[in-house]
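Numbering (UniProt numbering), first residue to last: 1 to 321.
Below is the structure:
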């Protein structure tokens, strides 16, 4: 299998954590075998760069690597009000014309916007800078309430942790949920958070015994996706009222239980479409959606494609890779 070439753009003053996010997902050593990615950290401003943490990093790779990449990641930017180097903007524009997929994580969305790549598109960035992105680039539709937005050739994400979710989403598309889940387990992060999930929770709660009981309950639900899970029954298991359970769940996760359950069911549908030849009737039954019609409706709404097209596209992507 040919390696998937990933170019990550570094620059003067970069925060090392931002740079480490795509590196950890696409290049870190794996006990499961060699990485399927060939990652290059490419400098936009010379071979040695100072970082926001006070130490320097060096790379032998420059912007010429962007011309050879299958995937380009801009992990952040140092100042949303500063126009990036013209050489970087030109390299991104040429890559976009070639059809290369380009990703802007966190404030990296500003770099894509300066290159004109977000005009007429939906985009995400760190919640603290969504208004600035919207005001500076009015041709971009900025969504302040999501983790990441996949707009096909262009992908953008919210803050640093959301960048991990976004990169795992890309791995899932390129190589399937099994590979993405292995990487997530290695990194000890959740294997899947849908892009439309809220960026942050207004009133996080301290961990309490009820939190641990809820986590165990949700693990049971994940193992029994084919069953019905009425809220009253779930609340009773935690000795809560329906109203208290609903409020507690949203405060902890930023999501309603119904949305969370649908996310788990569709993620399992993705895995089954990728790894089995089960007909849609069987998949719908195994994940608790009842009928292929219901599965198609929810799958189309979540992923903008049908289950059949997803299965064909994943198999074609895997074979080409």
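The beta carbon of each residue, even a glycine, is placed where N, CA and C say it ideally should be. Source: prediction; values computed, not measured.
query: Rounded Cβ spacing between residue 53 and residue 22 (contact assumed at less than 8 angstroms); result: Between residue 22 and residue 53 the Cβ distance is about 17 angstroms, and since that is not below 8 angstroms, they are no contact.
query: C-alpha gap between residue 103 and residue 229, whole angstroms; result: 37 angstroms
query: Helix, strand or coil at residue 150 according to DSSP, with G and I counted as helix; result: strand
query: Residue burial classification, residue 312 (beta-carbon count within 10 angstroms, cutoff 16); result: exposed
query: Local conformation of residue 166 per DSSP, three classes; result: helix
query: Segment limits, alpha helix (DSSP H) that includes residue 297; result: 292 to 303
query: Residue 8, DSSP secondary structure in three states; result: strand
query: Residue 100 (DSSP reduced to helix, strand or coil); result: coil
query: Inter-stretch contact (C-beta, 8 angstroms, three-pair minimum) for the region 38 to 46 and the region 6 to 20; result: yes
query: Nearest-angstrom beta carbon gap, residue 163 and residue 75 [assumed within contact, 8 angstroms]; result: 7 angstroms
query: Under 8 angstroms between C-beta atoms of residue 156 and residue 132; result: no
query: Candidates 101, 98, 100 and 135, of which the one nearest residue 322 by Cα; result: The displayed coordinates of the chain run from 1 to 321. Any statement about residue 322 would go beyond what the structure contains.
query: Candidates 179, 68, 161 and 51: closest to residue 275 by CA position; result: 179
query: First and last residue of the uninterrupted beta strand (DSSP E) at residue 58; result: 56 to 58
query: Residues sharing a beta bridge with residue 257, DSSP; result: Beta-bridge pairing links residue 257 to no other residue.
query: Inter-stretch contact (C-beta, 8 angstroms, three-pair minimum) for the region 229 to 239 and the region 293 to 308; result: no
query: Exposure label - residue 247; buried when at least 16 CB within 10 Å; result: exposed
query: Enclosing alpha helix (DSSP H) for residue 283 [first to last residue]; result: 280 to 286
query: Helix, strand or coil at residue 252 according to DSSP, with G and I counted as helix; result: helix
query: Residue interval of the beta strand (DSSP E) (run including residue 116); result: Per DSSP, residue 116 belongs to no beta strand (DSSP E) and is neither H nor E.
query: Rounded C-alpha distance that separates residue 37 from residue 167; result: 12 angstroms
query: Bridge partners - residue 189, DSSP secondary structure assignment; result: Looking at the DSSP assignment, residue 189 forms no beta bridge with any residue, so it has no partner.
query: Anticipated Cβ contact below 8 angstroms, residue 72 with residue 66, distance rounded; result: 6 angstroms
query: Distance, residue 244 Cα to residue 91 Cα; result: 53 angstroms
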